[in-house]
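Following: one structure in structure tokens, then a few remarks.
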Amino acid sequence: MPVTTPAPASSAQQAAELAPYTTLRLGGPARRLVVAGCSQDCVEAVRAADIAGEPLLLLAGGSNLVIGDSGFGGTAVRMAGTGVHIDSAGVLHASAGEDWDGVVEHTVAAGYGGLECLSGIPGSVGATPVQNVGAY
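Quick note on this note's numbering: the sequence shown kicks off at 19 and runs consecutively.
Laid out in structure tokens, this is it:
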């Protein structure tokens, strides 16, 4: 059975602080922050920034992110969509905003092996497999 957490609706803030979205809690504001509650929200925010010709920063868990005190002069899109499940074919599906360690716990609880050695790595599904897990 799918485990889902209601995703926040997409929202945007002008001059929003980015420090709360990094594990080091450092950094100044983004000119604009969009919180994407699902993949479609992300696509729309990226498309809008592209059309406007403005810089874009995608945020996930923030564990490999350092932002300068001057902030980011464009649109930051925070991936906040959640939900994880294993389908009838045994394929794991996880949203980009899902906590990586929580996904590992989910697979272990479901009796699947292979990810348990990757427990404790910080970040979210949207970035951890590329930036942190790739180190192994």
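Think of the CB as a built atom: it goes at the ideal place given N, C-alpha and C, for glycine as much as any other residue.
Predicted model only: the values in this text are computed from it and were never measured.
Indicate the three-state DSSP secondary structure (helix, strand or coil) for residue i in the structure shown.
i, result
"LEU44", "coil"
"GLY79", "coil"
"GLU35", "strand"
"LEU136", "helix"
"ILE85", "coil"
"ALA107", "coil"
Hey, could you find the ends of the beta strand (DSSP E) residue i is sitting in?
i, result
"ALA112", "110 to 112"
"VAL102", "102 to 104"
Taking the alpha-carbon positions, what's the residue i to residue j distance?
i, j, result
"ILE139", "ARG65", "31 angstroms"
"THR41", "LEU83", "8 angstroms"
"PRO73", "GLY79", "20 angstroms"
Per DSSP, which one or two residues make a beta bridge with residue i?
i, result
"ASP117", "SER142"
"THR93", "ARG50 and LEU74"
Exercise for review: Say whether the region 88 to 102 touches the region 43 to 52, bearing in mind that this needs 3 or more beta-carbon pairs closer than 8 angstroms, one atom from each stretch.
Suggested key: As far as the Cβ criterion goes, the region 88 to 102 touches the region 43 to 52, which means the pair count is three or higher.
Check: Between the region 123 to 130 and the region 103 to 112, do at least 3 Cβ pairs fall closer than 8 angstroms?
Finding: With the cut-off at 8 angstroms, the region 123 to 130 and the region 103 to 112 touch.
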